[in-house]
Structure formats: C-alpha cells, structure tokens
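Asker: Each residue of the sequence shown is one higher than the one before, starting from -9 at the first, in this note's numbering.
Even for Gly, the Cβ is constructed at its ideal location relative to N, Cα and C.
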Amino acid sequence: MTGSVQVGLVGTGIVGLNVARELCGLDSSLRVALLSGTPARRETIAGALGTQVIEQGGEAEACDVVVLATPDDQQVARLPGLLAAGVHVVCTADAPLSIDQLLAFQDDAIDARRSVVIGAAMSPGVTSLLAAHAATLFDRVTEIDIAVSGTAGPACRARRRNAMSGSTMERRDGDWAEARSGSSRELVWFPDPVGAQECEKASLSDPRVIDRVVPDLAQLTVRAVRTDAKRTLRHPPTDPLGAVRVEVRGMRDGGSATTVYGMVDRPGAVTGALAAAIVPLLVEGTPAGVMGPAELGQTTRLLRWLKSRGLKPATFEP
C-alpha cells in the first residue's frame, strides 16, 4: 500500500481485536479507526496496539475500507449505509442466510463502484481459498467435501449450534439438494493437534461460496463438529483451537486423484488475518460487486499471507 490508508473497524470482540492487530501489522502508515465499542473497550485496544489505532474513529466516510466484525445481522444492516458512504467493505459474516442477504447487494455495490468481500472467516473464507487452490491441481474437479471444527466468540458458537439443526443445501449428482443438518455422522481427520473428530452435516455457507469459484460439481458437502452447549452458555472469553479440512477429488493426468488440505489455528485469529489481508487488495483496486475471498483472483497471495502469519496449510492423504 502507498500513501496513508484509514481502515474503519466495526466490532471490538475476539474477531475485531484480531482484525485490528493484523491491520496494524500490515503497514506502519495504516490507521485503524474504531467505529464501535464502549469507550473503555476502545481505550483498551488503542492502548494495546499503539498509535496506529484511532480511538475515536469518527465517521465511515473518512475511511478507505471498513471491516465488519459484528454479529451477522448487524453486518447486513450496516452494509447499505457503508456503500452510500462510498467505502469498500470486508464482511466476516458467515451464516448461510447472511451470505445470501449480502449477495443481494450486488447491484448496489456495482452502482456505488465499490467492492464487498463476504465470508472473510475461517469458514467459508479459508475453506474456499483452499478449495480454489486445490482445484488448480486437477484437469477436472468432481467432488469437494468440507469439514469444520471450532468457533471463535460466543455469537459464532451460537450460530454453530443452530447450524446443526434444520436443513442444509449441498450438491448431489450435480444438482442442489436438501439434507438434514446433524445427520450423516463421520469421523474426520483434521491436522494435528486437533486430530480425529466426529462431524455431522451442517447448515454452513461453504457450499454457497465455493460453488461460485468451483462450479458444476457432482458433489459439494460440508460437515462440522457439534459445539458443546454448556461452553456456549458460559460464553468463555477465549478463542479455542479450530481446524478445517478440504478434500477435493477429480481427474488428473487421465486418472482419478484426491488432494486434501487442512489448517489448524484459533478461528478468531484466522478470521482476523484473512480480513486484514483482503484490505490491501481492495485499496489497490478490485472489481465492483459482492464476492467471496477466492473470487478476488488473489488466492495464492492470500494463502501466502496467512502462511507468513504462522497459519500454514497442511497437505495430507485421506
């Protein structure tokens, strides 16, 4: 990035703090304007991260990019005003309904000539990047299966619990089909130290986001580890270890092949690193509209940034 860039941050919880920390590490000339949070919380963050943080953030209009790290419904509600203010937006919202609602702002974003990146989180953001990267290793991709373990803050844990009930959409025999969340339990091997975890089909947004970058799949599914209800109710102020696994199958050199990627780290830390890494791309210039991280055309660059932050993808055989 060249020149002075100001990034607005809405949300000062676990994810917001990680976003602010990663943004401060991007470039010493970058300023992070806190646009929400109690005075005490803003003071704490500014004190921890130093002079790059503007404690009294002011208005979004003064920012080049705004990162939303609030509960999903608040991100959907804020987006129209941010587009009207003429800023690019990075959304960490990840629930299927939220993703669909954010995608509905496509025409508004184009009219405003601004970029909106959705799903900038461990799931579906990192899973879509890993899927897009793995897809380049094949002549033709036929199946992608995603598995997710772990959550960030309390709101994320509550969404995960909800995702384990009701129904989910997946690709089956090339068509979208409904599946029951909480069904089809499988033992899934994540990279160490997470290891083997029982996963069930879940109503997560990964299929929606991945289908936009790796279309026409015969099979596209997502499973997740069920969240402990007691931990959710206690609202622990920590960001426990999580993991993702992306298994891609298809044709390579005339035969069938499989590639499996995984990543292990704290979901809040991964989300913070990914959301921050997207900011320079928007400042440099990206197409107007609403898109997932893998649609930016910078998959390798984003994965390299995550690796530089200690978030190294693992490759292993199924």
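Grab the span of the alpha helix (DSSP H) containing D62 for me, first residue to last.
Answerer: For this step, residue 62 is matched to residue 72 along the sequence shown. D62 -> alpha helix (DSSP H) spans 62 to 74.
Asker: Can you tell me the Cα-Cα spacing of W295 and L120, whole angstroms?
Answerer: Locating residue 295 in the sequence shown gives position 305, where the first residue counts as 1. Locating residue 120 in the sequence shown gives position 130, where the first residue counts as 1. If I take the Cα positions, the gap works out to 13 Å.
Asker: With contact counted as at least three CB pairs below 8 Å, one residue from each stretch, are the segment 61 to 68 and the segment 257 to 265 in contact?
Answerer: Between the segment 61 to 68 and the segment 257 to 265 there are fewer than three inter-stretch CB-CB distances shorter than 8 Å, so the stretches are not counted as touching.
Asker: Skipping 5 residues on each side, what residues in its chain have a beta carbon closer than 8 Å to that of R224?
Answerer: On the sequence shown, residue 224 is found 234 positions in, with the first residue counted as 1. For R224, the predicted model reports a pLDDT of 45, less than 50, meaning its position is unreliable; a value from the coordinates is still stated below. Around R224: no qualifying Cβ.
Asker: From the DSSP secondary-structure annotation, give me the bridge partner or partners of L24.
Answerer: The count along the sequence shown starts at 1 and reaches residue 24 at position 34. Answer is L(-1), bridged to L24.
Asker: Below 8 Å on the Cβ atoms is my guess for T141 versus G47; work out the distance and round it to an integer in Å.
Answerer: Position 151 of the sequence shown, counted from the start, is the residue given in the question as residue 141. Position 57 of the sequence shown, counted from the start, is the residue given in the question as residue 47. Contact doesn't hold; Cβ gap of about 27 Å is too wide.
Asker: What are the boundary residues of the alpha helix (DSSP H) that K302 is part of?
Answerer: Working through the sequence shown from its first residue, we reach residue 302 at position 312. Per DSSP, K302 lies in no alpha helix (DSSP H) and is assigned neither H nor E.
Asker: If you follow the beta strand (DSSP E) that T132 is part of, which residue opens it and which one closes it?
Answerer: As a working mapping, residue 132 is identified with position 142 in the sequence shown. Looking at the DSSP string, the run of the beta strand (DSSP E) that includes T132 is 130 to 139.
Asker: State the DSSP-derived secondary structure class of L210, mapped to helix, strand or coil.
Answerer: What you label residue 210 is simply residue 220 of the sequence shown in a count that begins at 1. Reduced to three states, the DSSP call for L210 is strand.
Asker: Indicate the three-state DSSP secondary structure (helix, strand or coil) for E33 in the structure shown.
Answerer: As a working mapping, residue 33 is identified with position 43 in the sequence shown. In this structure, E33 counts as helix in the three-state DSSP scheme.
Asker: If contact is defined by three or more beta carbon pairs under 8 Å, each pair taking one atom from either stretch, is the segment 202 to 216 in contact with the segment 265 to 285?
Answerer: yes
Asker: What does the Cβ neighbour count give for Q245, buried or exposed, with the cut at 16 atoms within 10 Å?
Answerer: Locating residue 245 in the sequence shown gives position 255, counting from the first residue. According to the sequence shown, residue 245 is Gly rather than Gln. Classification for G245: exposed.
Asker: Tell me which residue opens and which closes the alpha helix (DSSP H) that R90 is part of.
Answerer: As a first step, residue 90 must be located in the sequence shown, where it is residue number 100. Here residue 90 is Asp; the residue named in the question, Arg, does not match the sequence. Element bounds for D90: 86 to 93.
Asker: Exposed or buried, what is A74 when buried is set at 16 or more other beta-carbons lying within 10 Å of its beta-carbon?
Answerer: Counting from 1 along the sequence shown, the entry for residue 74 is found at position 84. So A74 ends up on the exposed side.
Asker: Spatial neighbours of C146 within its chain, please: CB distance less than 6 Å, with the 5 preceding and 5 following residues excluded, ordered by chain position.
Answerer: Numbered from its first residue, the sequence shown carries residue 146 at position 156. Counting only Cβ-Cβ distances below 6 Å, and skipping sequence neighbours, we find nothing.
Asker: Apart from the five residues just before and just after D129, which ones in its own chain have a Cβ nearer than 6 Å to its Cβ?
Answerer: Working through the sequence shown from its first residue, we reach residue 129 at position 139. Excluding positions up to five away in sequence, the list reads M241, R242.
Asker: Taking the straight line between their C-alpha atoms, what separation do you get for Q(-4) and Q288?
Answerer: Here residue -4 refers to the residue found at position 6 of the sequence shown. Here residue 288 refers to the residue found at position 298 of the sequence shown. Approximately 22 Å between the Cα atoms of the pair.
Asker: Determine whether the beta carbon atoms of V0 and L25 lie at a separation below 8 Å.
Answerer: For the purposes of this step, residue 0 is identified with residue 10 of the sequence shown, where counting begins at 1. For the purposes of this step, residue 25 is identified with residue 35 of the sequence shown, where counting begins at 1. A contact, by the Cβ cut-off of 8 Å.
Asker: With DSSP collapsed to three states, give me the class of L58.
Answerer: Indexing the sequence shown from 1 puts residue 58 at position 68. Three-state result, L58: strand.
Asker: Should A313 go down as buried or exposed, given a rule of 16 or more other Cβ atoms within 10 Å for buried?
Answerer: This structure leaves residue 313 out entirely; the chain is present only between -9 and 308.
Asker: For G156, count neighbouring C-beta atoms within 10 Å of its own C-beta (all shown protein chains included) and say buried if the count is 16 or more, exposed if not.
Answerer: The count along the sequence shown starts at 1 and reaches residue 156 at position 166. By the 10 Å Cβ count, G156 comes out exposed.
Asker: Leaving out five residues on either side along the sequence, give the residues of the same chain with a beta carbon under 7 Å from the beta carbon of S195.
Answerer: On the sequence shown, residue 195 is found 205 positions in, with the first residue counted as 1. So the qualifying residues of the chain are D84, A85, P86, I89, G109, P114.
Asker: Applying the criterion that 16 or more other CB atoms from any shown protein chain within 10 Å of the CB defines a buried residue, is R170 buried or exposed?
Answerer: For the purposes of this step, residue 170 is identified with residue 180 of the sequence shown, where counting begins at 1. With fewer than 16 Cβ atoms within 10 Å of its Cβ, R170 is classed as exposed.
Asker: I'd like to confirm the pairing. Which residues does DSSP put opposite V5 in its beta bridges?
Answerer: Mapped onto the sequence shown, residue 5 falls at position 15. BP columns for V5 are empty, so no partner.
Asker: Based on the DSSP output, what are the partners of V106 in its beta bridges?
Answerer: Your numbering for residue 106 matches position 116 in the sequence shown. According to DSSP, which records beta bridges pairwise, V106 is partnered with V79, V280.
Asker: What is the C-beta distance between E45 and A36, in whole angstroms, given that I count them as a contact (C-beta under 8 Å)?
Answerer: Here the question's residue 45 lines up with position 55 in the sequence shown. Here the question's residue 36 lines up with position 46 in the sequence shown. About 4 Å; that satisfies the 8 Å criterion.
Asker: Buried or exposed: E176, going by 16 or more other Cβ atoms within 10 Å of its Cβ?
Answerer: Residue mapping note: residue 176 aligns to position 186 of the sequence shown, counting from 1. Under this definition E176 is an exposed residue.
Asker: Report the three-state DSSP secondary structure of T41 (helix, strand or coil).
Answerer: The residue you call residue 41 lines up with position 51 of the sequence shown. T41: coil per DSSP, three-state reduction.
Asker: Could you tell me the distance, in whole angstroms, from the CA atom of S18 to the CA atom of V107?
Answerer: Sequence index remark: in the sequence shown, residue 18 carries index 28 (1-based). Sequence index remark: in the sequence shown, residue 107 carries index 117 (1-based). Taking the straight line from one Cα to the other gives about 24 Å.
Asker: Within a Cβ cutoff of 7 Å, which residues of the same chain sit near K220, ignoring the five residues on either side of it in sequence?
Answerer: Position 230 of the sequence shown, counting from 1, holds the residue named residue 220. Here K220 scores only 46 on pLDDT, less than 50, and its place in the model should not be relied on; the value that follows carries that caveat. Excluding positions up to five away in sequence, the list is empty.
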